[in-house]
Amino acid sequence: MKPARFLADYGMVLVLALLCALFSALTFSDQTPTGEAAATQVASLLHQQFGQNPRVLVAVRDQPDDAAYAAALQRLLSAPGAQPATIIKGEPKDAREALQRIAAAGSRLDAIACTQATGAWLVFSELKTDFPALGEPRVITPRSYRWPNFLKTENLLNIANQIAVIAIVAIGMTMVIITGGIDLSVGSLLALSAVLTARFIRDFAGGTSASPAAMLLACIAAIVLCGAVGAFSGTMITRFAIPPFIVTLAMMLVGSGLAYILAKGQSIYQIPESFVWLGRGADLFNLPNAVLLMAILYGLAHILMSRMKLGRHLYAVGGNSEAARLSGVPVKRVLLFAYIASAVLAGLGGVIMASQLKSGSPTYGGMYELYVIAAVVVGGTSLSGGEGRMFGTLAGAFTIAVIQNGMNLTNVESYTQKVVLGLVILGAVLVDKARRTR
Amino acid sequence: MIDAPPLLQMRGIVKSFPGVKALRGVDLELRKGEVLALLGENGAGKSTLMRILGGAHKADEGSILIDGRETPFSSPQDSRAAGIAVIYQEFNLVPGLTAVENIFLGRETTRAGLIDQRSERASAAALFQRLGAEVDLDTPCRRLTTAQQQLVEIAKALAFDARILVMDEPSAALTSHEVARLFEIIRDLRSQGISIIYISHRLDEVFTITDRVTVLRDGRHVGGRPTAEITRSQMIELMVGRELTDEFPRRSTTPGPVRLEVSGLRRGRAVRDVSFSVRRGEILALTGLVGAGRTETVRLLFGADPREAGEIRLDGRLLAIRSPSDAIAAGIGLLTEDRKMQGLVLGHSVRENFGLPNLERLSTNGFVQMGAERAEFARYVEQLQIKIPDQEQRAGNLSGGNQQKVVLAKWLARNCEVLIFDEPTRGIDVGAKFEIYLLMNALVAAGKSVVMISSELPEVLGMADRILVLHEGHVTGEIADARSATQEQVMRLAIA
Chain G
159 MKPARFLADY
169 GMVLVLALLC
179 ALFSALTFSD
189 QTPTGEAAAT
199 QVASLLHQQF
209 GQNPRVLVAV
219 RDQPDDAAYA
229 AALQRLLSAP
239 GAQPATIIKG
249 EPKDAREALQ
259 RIAAAGSRLD
269 AIACTQATGA
279 WLVFSELKTD
289 FPALGEPRVI
299 TPRSYRWPNF
309 LKTENLLNIA
319 NQIAVIAIVA
329 IGMTMVIITG
339 GIDLSVGSLL
349 ALSAVLTARF
359 IRDFAGGTSA
369 SPAAMLLACI
379 AAIVLCGAVG
389 AFSGTMITRF
399 AIPPFIVTLA
409 MMLVGSGLAY
419 ILAKGQSIYQ
429 IPESFVWLGR
439 GADLFNLPNA
449 VLLMAILYGL
459 AHILMSRMKL
469 GRHLYAVGGN
479 SEAARLSGVP
489 VKRVLLFAYI
499 ASAVLAGLGG
509 VIMASQLKSG
519 SPTYGGMYEL
529 YVIAAVVVGG
539 TSLSGGEGRM
549 FGTLAGAFTI
559 AVIQNGMNLT
569 NVESYTQKVV
579 LGLVILGAVL
589 VDKARRTR
Chain S
486 MIDAPPLLQM
496 RGIVKSFPGV
506 KALRGVDLEL
516 RKGEVLALLG
526 ENGAGKSTLM
536 RILGGAHKAD
546 EGSILIDGRE
556 TPFSSPQDSR
566 AAGIAVIYQE
576 FNLVPGLTAV
586 ENIFLGRETT
596 RAGLIDQRSE
606 RASAAALFQR
616 LGAEVDLDTP
626 CRRLTTAQQQ
636 LVEIAKALAF
646 DARILVMDEP
656 SAALTSHEVA
666 RLFEIIRDLR
676 SQGISIIYIS
686 HRLDEVFTIT
696 DRVTVLRDGR
706 HVGGRPTAEI
716 TRSQMIELMV
726 GRELTDEFPR
736 RSTTPGPVRL
746 EVSGLRRGRA
756 VRDVSFSVRR
766 GEILALTGLV
776 GAGRTETVRL
786 LFGADPREAG
796 EIRLDGRLLA
806 IRSPSDAIAA
816 GIGLLTEDRK
826 MQGLVLGHSV
836 RENFGLPNLE
846 RLSTNGFVQM
856 GAERAEFARY
866 VEQLQIKIPD
876 QEQRAGNLSG
886 GNQQKVVLAK
896 WLARNCEVLI
906 FDEPTRGIDV
916 GAKFEIYLLM
926 NALVAAGKSV
936 VMISSELPEV
946 LGMADRILVL
956 HEGHVTGEIA
966 DARSATQEQV
976 MRLAIA
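Put into structure tokens, the structure is as follows:
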């Protein structure tokens with residue numbers, strides 16, 4: 159693909175990159191490695207300075223991160239023939255006692271491996287005068303480095319996980335908008351799907367002791383029912399020529415109402431712990447399952463839109479439905495597909511959300527239709543139909559997520575965040591327009 | 486004695502669009518009270534030049550002089566201030582507003598902040614009276630006929646005292662009676678001192694109504710002289726840059742057995758009872774006045790509109806056509822009259838447009854074979870000499886002739902047994918017309934059947950084997966040997 163053409167299709171990626179750079183710059187700060195990473199660094203320092211067999215005392219606080227650090231350090235230092243490192247977990251006084259014990263035993267120490275916090279303990283500040291018997295042990299702490307909070311792996315994965323639901327629903331919305339339509343019902347369908355899933359699990363699959371297969375069945379049933387709602391909307395739009403805005407507005411109310419009725423206005427939480435696998439689990443390369451699912455779906459959707467007959471038909475219907483019909487495109491069937499796909503993906507979004515929150519509630523997905531539409535539009539898809547790219551929508555969804563996340567990291571108040579987000583959506587579309595007309 | 490400077494002078498106008506140099510230094514002169522014909526093939530730059538005059542485009546280079554004074558032309562307001570009104574082929578009317586509202590749109594007469602409806606109505610009525618025309622002042626423009634809408638456009642121009650009226654293909658969508666009426670109005674306006682630039686492909690009209698002719702070719706001014714001093718063939722020669730010996734190419738094929746049989750087609754008042762058949766290797770022309778039901782008939786045949794009654798048989802087999810896709814699957818193709826609205830997805834690439842009816846064949850398991858698509862399209866680009874920089878060019882950026890060729894390519898690739906051409910040469914220049922005629926001949930030579938709808942009688946007589954004349958949804962006559970028929974013969978049946 160030519161660079162110019164790539165830019166025209168995916169220019170939003172540039173905006174996204176700029177935002178990432180901005181938030182990286184704003185959140186630049188001292189980073190102290192902890193746990194495994196810190197241990198690796200300190201161990202290599204120790205080996206460098208004191209050979210393969212250093213005599214080391216490890217001083218950490220009684221915390222999970224610190225414990226992981228100590229354990230990893232012990233493992234890394236336990237070369238064959240080396241004497242095991244002494245580990246103390248606790249407070250400065252524990253350290254003082256340990257040092258006294260070691261001095262009393264007549265042993266010497268090469269180094270004391272600390273964390274950033276324990277390295278500042280007063281007990282280690284005057285070792286030469288307090289514990290002359292130990293030799294001159296050096297206090298080694300993991301070296302800190304400068305790195306943006308924004309760009310930390312956990313944060314990036316967090317962003318992806320936060321936006322996964324919206325991004326997945328936006329796939330269907332992109333198809334609908336490319337056909338020149340709109341689907342306002344996705345937020346309500348998401349709630350309906352979450353409630354249906356939770357109720358199926360509670361009422362038919364055995365509640366908190368439901369088996370994985372039964373849960374899967376419950377999810378599929380909820381998604382299929384959402385698909386049926388989409389088929390209904392699509393039929394109204396194609397058979398009776400009611401504008402999509404009106405049909406899906408009506409289905410938005412119907413869906414939300416049904417969700418409240420089915421949940422009796424409450425949250426349904428009688429769901430087994432294992433149900434969170436989809437929403438919170440991370441099986442492959444530490445990637446959250448929801449993010450992985452999102453990536454796969456985007457890949458498939460991209461192939462559908464760019465390589466398959468159906469994709470061509472979706473674009474053609476949006477570009478000029480009469481010309482498409484007279485060229486033999488089954489316009490009604492194509493539209494029906496788009497609305498079913500949108501509803502099914504909204505249903506899947508509901509299942510993921512129910513899994514993330516381990517409950518189903520009719521309040522889920524409020525205003526989501528607007529965020530989803532925003533993601534599609536920011537991603538460069540024209541509301542008048544006929545043009546747009548799947549990965550543009552993904553970039554659009556991430557743009558929104560990055561703005562929200564970045565503002566959280568820079569301590570922008572949540573009300574202000576809304577204002578900024580609104581303006582940024584407008585700005586992003588302006589930038590996109592300017593780039594297109596150039 | 487010093488001559489007064491011409492009313493309008495355009496000097497050295499240059500205009501480029503991405504990938505195309507539309508105008509390469511055009512000069513044009515218009516005198517007070519004359520009708521100037523602006524001629525040229527599609528893509529010669531006529532429309533661009535007029536858009537510059539209308540302020541819709543800004544020229545890259547060159548100057549425009551009004552009464553000998555250089556005048557800025559960078560917006561429609563500038564153009565209007567200079568007394569210029571451009572009536573584009575696609576009218577600039579708001580469909581839901583009435584004639585009065587459209588005439589005064591943006592220049593409403595107000596009294597105390599409210600629209601003075603009474604005075605607006607009075608001035609509008611006066612304008613229509615001046616035009617000698619009757620247009621209902623309260624009907625939304627969408628419900629007016631094309632001719633009436635045109636009158637509203639002219640009235641709109643007169644309402645702000647336009648001195649120059651540009652008319653782009655004003656006769657294209659009019660019946661011959663309406664065209665005659667239009668000419669009366671044009672003569673009237675001329676006698677009132679209004680100058681008119683008249684763009685048309687119909688050379689007969691140019692001889693009837695214009696005083697002087699200016700010809701553009703490839704963005705250049707290639708000639709101009711009084712209409713009385715030029716012959717038809719000289720005009721064509723100037724336009725295409727070569728001599729055309731025959732407007733309609735000969736062919737030597739003789740029609741074979743009947744392939745397509747249509748009987749008792751019916752829908753509403755437009756198509757009341759139409760039956761006909763088409764033979765193998767035959768061109769059948771459907772003709773008649775506008776509104777006779779020609780387009781409506783072929784739309785029923787193609788499944789574009791649902792029919793109330795009627796049977797369609799191909800090679801004796803009854804076809805169940807309920808949608809265009811059924812018709813296409815059966816081997817019937819339709820090149821619509823309206824390319825922009827019905828023939829092409831203007832925002833998409835020409836390659837995608839080409840592929841649309843052919844995706845079934847060009848894809849396996851639902852995946853489009855892009856390489857095959859590109860290669861096949863490239864063959865047609867070569868064969869039809871479609872002028873495009875590359876296959877990803879947007880269809881909307883092409884000239885009318887090239888757009889028609891893309892539509893042709895997409896249907897030729899479909900290899901239809903019966904191909905229906907609805908006004909295939911409307912708005913297309915002489916050179917491209919000839920190429921389309923050659924293609925139709927090639928199709929029938931290959932044993933296909935062609936149904937052609939045309940309002941231009943010379944074309945009907947020159948191209949068809951057989952002529953079917955429609956009037957108000959009925960077949961009023963058939964002329965078995967088109968070559969020996971006369972225009973009068975056809976017209977008598979059409980008016981029937």
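Chains as they are written, first to last, in this note's numbering: chain G, 159 to 596; chain S, 486 to 981.
We put the CB at the ideal spot given by N, CA and C, even for glycine.
This one's a predicted model, so the numbers in the text were calculated from it and none came from an experiment.
Check	Outcome
Within a Cβ cutoff of 6 Å, which residues of the same chain sit near glycine 469/G, ignoring the five residues on either side of it in sequence?	Leu462, Met463
Using only the alpha-carbon positions, how far apart do glycine 840/S and alanine 399/G sit?	28 Å
Quick check: what's the CA-CA separation for arginine 233/G versus alanine 201/G?	10 Å
Is DSSP giving valine 499/S helix, strand or coil here?	strand
Have a look at leucine 893/S and methionine 394/G and give me their C-alpha separation to the nearest angstrom.	35 Å
According to DSSP, is lysine 933/S part of a helix, a strand, or is it coil?	coil
Suppose you measure from the CA of glycine 524/G to the CA of serine 346/G; what does that come to, to the nearest Å?	7 Å
Run the CB neighbour count on leucine 978/S, radius 10 Å, all protein chains shown included, and call it buried at 16 or more, exposed below.	buried
Just the C-alpha distance for leucine 644/G and alanine 529/S, rounded to the nearest angstrom, thanks.	Residue 644/G lies beyond the stretch modelled for chain G, which goes from 159 to 596, so this question has no answer here.
Can you find a C-beta in chain G that's less than 8 Å from the C-beta of proline 833/S?	What sits at residue 833/S in the sequence shown is histidine, not proline. So, interface residue.
Report back the beta-carbon spacing between alanine 658/S and threonine 631/S to the nearest angstrom; my notes put them in contact at under 8 Å.	5 Å
Counting only beta-carbon separations shorter than 8 Å, does leucine 841/S have a partner in chain G?	yes
Considering only the beta carbon of each residue, do glycine 947/S and glutamate 732/S sit closer than 8 Å?	yes
Would you decide whether arginine 483/G is buried or exposed? Buried here means 16 or more other CB atoms lie within 10 Å of its CB.	buried
Just confirm the distance between the C-beta atoms of glycine 537/G and alanine 421/G, as a whole number of angstroms; I'd bet it's less than 8 Å.	Incorrect: roughly 33 Å between the Cβ atoms, too far for contact.
May I have the straight-line CA-CA distance separating glycine 708/S from aspartate 823/S, to the nearest angstrom?	31 Å
Would a C-beta distance cut-off of 8 Å place glycine 364/G and alanine 372/G closer than the cut-off?	yes
If you follow the beta strand (DSSP E) that glycine 840/S is part of, which residue opens it and which one closes it?	First-last for glycine 840/S: 835-840, but that is the alpha helix (DSSP H), not the beta strand (DSSP E).
Quick one: what's methionine 925/S bridged to in DSSP?	Methionine 925/S pairs with nothing; no bridge assigned.
Closer than 7 Å, Cβ to Cβ, to anything on chain S: give me those residues from the stretch 486-514 of chain G, in chain order.	Gly486, Val487, Pro488
Between which two residues does the beta strand (DSSP E) carrying leucine 904/S extend?	903-907
Using only the alpha-carbon positions, how far apart do glutamate 545/G and isoleucine 335/G sit?	9 Å
Who are the Cβ neighbours of arginine 736/S in its own chain at under 8 Å, not counting the five residues just before and after it?	Asn926, Val929, Ala930
Out of Ala271/G, Val173/G, Ala263/G, Ala256/G, state which residue places its alpha-carbon closest to the alpha-carbon of tyrosine 227/G.	Ala271/G
Pairing CB atoms from the stretch 877-888 of chain S with CB atoms from the stretch 902-921 of chain S, are three or more of them under 8 Å?	yes
Three or more C-beta pairs under 8 Å: does that hold for the stretch 169-182 of chain G against the stretch 288-297 of chain G?	no
Taking only the alpha-carbon atoms, compute the straight-line gap between methionine 486/S and leucine 643/S and give it to the nearest angstrom.	With a pLDDT of only 41 at methionine 486/S, under 50, the local geometry of the prediction cannot be trusted, and the value read off the model is given with reservation. Cα-Cα distance, rounded: 32 Å.
With a threshold of 8 Å between beta carbons, is glycine 851/S in contact with chain G?	yes
Using a beta-carbon distance cut-off of less than 7 Å, what residues from the stretch 447-474 of chain G approach chain S?	Arg465, Met466, Lys467, Leu468, Arg470, Tyr473, Ala474
At 8 Å on the CB atoms, spell out the chain G contacts of methionine 937/S, in chain order.	Correct list: empty, because the minimum Cβ distance to chain G is about 17 Å.
Once DSSP output is grouped into helix, strand and coil, what is the label at glutamine 189/G?	strand
Starting from the beta carbon of serine 848/S, find every residue of chain G whose beta carbon is closer than 7 Å, and list them in chain order.	Lys467
Kindly provide the ranges of any alpha helix (DSSP H) runs that are 4 or more residues long and lie completely inside the stretch 218-297 of chain G, ordered along the chain.	222-235, 250-262, 285-288
Give the range of the alpha helix (DSSP H) segment to which histidine 706/S is assigned.	Per DSSP, histidine 706/S belongs to no alpha helix (DSSP H); it is in the beta strand (DSSP E), 705-711.
In chain order, what residues of the same chain lie with their CB nearer than 7 Å to the CB of glutamine 428/G, ignoring the 5 residues before and after it?	Arg360, Gly365, Thr366
Measuring only between beta-carbons, confirm whether glycine 544/G sits less than 8 Å from chain S.	yes
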